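Below is one structure, written out as C-alpha cells; the observations come after it.
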Amino acid sequence: MYDLIGDVHGHAAELKNLLKKMDYREIDGIWQHFERKVIFLGDFVDRGPEQVETVTIARNMVNKGKALAVMGNHEFNAVAWSKEDPQIPGEFLRPHTDKNLGQHQAFLEQVGEGSELHHSMIEWFKTLPVYLDLPDLRVVHACWHPEQIAAIARYINAKNQLLPEAWEQTTRKNTEGYEAIETLLKGLEIPLPGDHHFFDKDKNKRTNIRAKWWRQGELTYRDLAMVSSNVIDKIPHEPVASHILPGYDCEKPVFVGHYWMSGEPKPLSDHIVCLDYSIAGNHGGKLCAYRFDGENTLSCNKFVWVEA
Ligand SMILES: [Mn+2]
517 MYDLIGDVHG HAAELKNLLK KMDYREIDGI WQHFERKVIF LGDFVDRGPE
567 QVETVTIARN MVNKGKALAV MGNHEFNAVA WSKEDPQIPG EFLRPHTDKN
617 LGQHQAFLEQ VGEGSELHHS MIEWFKTLPV YLDLPDLRVV HACWHPEQIA
667 AIARYINAKN QLLPEAWEQT TRKNTEGYEA IETLLKGLEI PLPGDHHFFD
717 KDKNKRTNIR AKWWRQGELT YRDLAMVSSN VIDKIPHEPV ASHILPGYDC
767 EKPVFVGHYW MSGEPKPLSD HIVCLDYSIA GNHGGKLCAY RFDGENTLSC
817 NKFVWVEA
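Every position in the sequence shown, counted from 1, becomes a number in this note's numbering once 516 is added.
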C-alpha cells in the first residue's frame with residue numbers, strides 16, 4: 517500500500533538508504549516498488565546538503581506515479597520567496613529579510629537562485645497539494661484541522677493545488693487564506709490567556725504557543741505547549757476551552773511531518789502519526805517512514821528509519 521516518508525530537508529543519501537531498506541529499487545532513474553507507493557509529507561528543501569537531488573528523486577517518483585506528495589511550509593515559503601508582490605514592485609510575497617534568507621540560503625546556493633533549475637523546481641512546488649484525503653488515510657504537513665480545511669477550499673483546485681491567484685491571498689497576514697495555510701502547513705497556534713507570555717530562544721516575546729493539536733481530553737495550556745523546557749514553567753496550568761482544539765474524528769489515520777520529534781518513533785495517538793524525526797537537526801536525527809497497510813489503529817511496529 518503506502519510508505520509515508522517524513523521531512524527530508526535535503527538529505528538525499530539518507531532518503532536513498534531508507535528507500536532501499538523498504539525494498540525500493542532505482543530503475544531507469546526512478547525509485548520504485550513493484551506493489552507499493554511512497555507518500556512524501558513535504559519539506560524536501562532547506563538545511564541539508566543535497567536538496568536538488570532530494571527534489572529530483574521525489575519529483576521523478578511523483579511524475580511516474582510511484583509516489584504522492586504534499587506541500588511543506590518550506591516549499592510554500594520557497595514559492596513565496598520567488599514571487600514578486602504584484603502590489604509592491606521589487607518586493608516579494610515572502611519578504612527577503614535576513615532571517616528569511618538565512619532559512620533559505622542553502623537551497624538558493626545549491627539550486628542557483630534565478631536559474632532554469634530553480635524556476636523548474638518552483639513550478640513543481642506549486643503543483644503540490646495542500647493536503648490529501650484518500651479513501652484509507654489523510655495526509656497534511658502539520659495539522660489536520662477541519663475548519664481550516666473548509667476555509668482553504670476557495671483557494672485550491674480539485675487536486676488541492678493552490679490556485680494561481682491564491683499565492684498572494686495566502687501570504688497576506690490576518691486574512692482567511694493566510695490563517696488556513698499557517699495552521700495546515702505550520703501547525704496550530706493558540707493565544708495564552710490574560711497577560712501570560714514567554715521569551716523564545718531569540719529573545720522575542722511570545723503570547724501564543726504552538727499546540728499539540730492531536731491531544732484530547734481535559735488539558736491545560738502547559739499540557740499543550742510545544743516550547744523549550746526552560747520556559748515551560750511560564751505556561752499556565754489553566755484549562756484550555758474545548759472548542760480551541762480541532763479534535764480528531766478518528767475516521768481514518770492521519771499522517772503529518774513538521775514537528776522535530778526525537779527518540780524512538782511511535783504514534784502520537786492510535787490514529788495520528790508524525791514522521792519528522794529531525795534528520796536535519798544538530799544532534800543526529802533520523803529519516804523516518806511508516807509502512808501503512810490500511811490498518812485503522814496505528815502501530816509502533818510499522819516505523820522504519822535510517823540514522824543521519
Ligand atoms: Mn515543516
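We treat Cβ as the ideally placed atom computed from N, Cα and C, and that holds for glycine. Remember, it's a predicted structure, so these values are computed and weren't measured experimentally.
N-terminal and C-terminal residue of the beta strand (DSSP E) that ASP649 is part of | By one-based count along the sequence shown, residue 649 stands at place 133. Start and end: 647-649.
Which residues does DSSP pair with LEU520 in a beta bridge?
-> Sequence index remark: in the sequence shown, residue 520 carries index 4 (1-based). Under the DSSP definition of a beta bridge, LEU520 partners with ILE555, TYR806.
Could you name each continuous beta strand (DSSP E) segment of 3 residues or more that falls completely within the region 690-770, going from the start of the chain to the end?
-> 705-707, 724-726
Given PRO565, which residues of its chain have a CB within under 7 Å of its CB, disregarding the five upstream and five downstream residues?
-> The residue given as residue 565 occupies position 49 in the sequence shown. The residues are GLY526.
Closest by C-alpha distance to GLN619, when choosing among ALA796, ILE725, TYR671, LEU814 | Taking the first residue of the sequence shown as position 1, residue 619 is located at position 103. Minimum Cα distance to GLN619 is reached at ALA796.
Give the DSSP-derived three-state secondary structure of SER815 in the structure shown.
-> Here residue 815 corresponds to residue number 299 of the sequence shown, with the count starting at 1. Three-state result, SER815: coil.
Is there at least one non-hydrogen atom of ligand 1 closer than 7 Å to the beta-carbon of GLY564?
-> Mapped onto the sequence shown, residue 564 falls at position 48. Not under cutoff, so the answer is no.
Quick one: grab the DSSP three-state call for GLU542.
-> Taking the first residue of the sequence shown as position 1, residue 542 is located at position 26. It is a strand residue.
Which term fits GLN603, buried or exposed, when burial requires 16 or more other beta carbons within 10 angstroms of its beta carbon?
-> Stepping through the sequence shown from its first residue, residue 603 is reached at position 87. Its Cβ having fewer than 16 others within 10 Å, GLN603 is exposed.
Write down the C-beta distance between GLY700 and TYR647 rounded to the nearest angstrom, noting that I regard them as a contact closer than 8 Å.
-> On the sequence shown, position 184 is the one that residue 700 refers to. On the sequence shown, position 131 is the one that residue 647 refers to. A small correction: the amino acid at residue 700 is Leu; Gly does not occupy that position in the sequence shown. At roughly 6 Å, the Cβ-Cβ gap stays under 8 Å, so LEU700 and TYR647 are in contact.
Whole angstroms is fine: what's the gap from PHE819's alpha carbon to GLU695's?
-> The count along the sequence shown starts at 1 and reaches residue 819 at position 303. The count along the sequence shown starts at 1 and reaches residue 695 at position 179. Rounded to the nearest angstrom, the two C-alpha atoms are 32 Å apart.
Verify whether the separation of the beta carbon atoms of HIS787 and VAL770 is less than 8 Å.
-> As a first step, residue 787 must be located in the sequence shown, where it is residue number 271. As a first step, residue 770 must be located in the sequence shown, where it is residue number 254. Yes, Cβ-Cβ distance for HIS787 and VAL770 is below 8 Å.
Between ILE668, GLY630, GLN626, PRO680, which lies nearest to THR643 when the distance is taken from Cα to Cα?
-> Sequence index remark: in the sequence shown, residue 643 carries index 127 (1-based). The shortest CA-to-CA distance from THR643 to any of ILE668, GLY630, GLN626, PRO680 is the one to PRO680.
Counting only the same chain and skipping the five closest in sequence on each side, list residues whose C-beta sits under 7 Å from that of CYS804.
-> As a working note, residue 804 is residue 288 in the sequence shown. The residues are GLY522, PRO781, LEU791, TYR793, PHE819, TRP821.
Indicate the three-state DSSP secondary structure (helix, strand or coil) for ALA574 in the structure shown.
-> Within the sequence shown, numbered from 1, the residue matching residue 574 stands at position 58. Helix at ALA574.
Any 3 or more C-beta pairs closer than 8 Å across the region 741-761 and the region 721-730 | Touching, per the Cβ criterion.
How is VAL586 classed by DSSP in three states: helix, strand or coil?
-> Counting from 1 along the sequence shown, the entry for residue 586 is found at position 70. Note: VAL586 maps to coil in three-state DSSP.
Distance between ALA528 and HIS549 (C-alpha atoms, nearest Å) = What you label residue 549 is simply residue 33 of the sequence shown in a count that begins at 1. What you label residue 528 is simply residue 12 of the sequence shown in a count that begins at 1. Each residue's Cα considered, the two are about 18 Å apart.
Where does ARG670 fall in DSSP's three states?
-> Taking the sequence shown and counting its residues from 1, one reaches residue 670 at position 154. Reduced to three states, the DSSP call for ARG670 is helix.
Got a sec? Which residues, its chain only, sit under 6 Å from SER598 by beta carbon, not counting five neighbours each side?
-> Mapped onto the sequence shown, residue 598 falls at position 82. Around SER598: ILE638.
Can we count ASP786 as close to ligand 1, meaning its CB is less than 7 Å from some heavy atom?
-> Mapped onto the sequence shown, residue 786 falls at position 270. Checking every heavy atom of ligand 1 against the Cβ of ASP786, none is found closer than 7 Å.
Return yes when the C-beta of HIS620 is under 7 Å from any heavy atom of ligand 2, and no when it is not.
-> Inclusion of ligand 2 in the displayed structure is not the case, the ligand content consisting of ligand 1 alone.
Residues with a Cβ closer than 5 Å to any heavy atom of ligand 1, in chain order?
-> ASP559, GLY588, ASN589, HIS774
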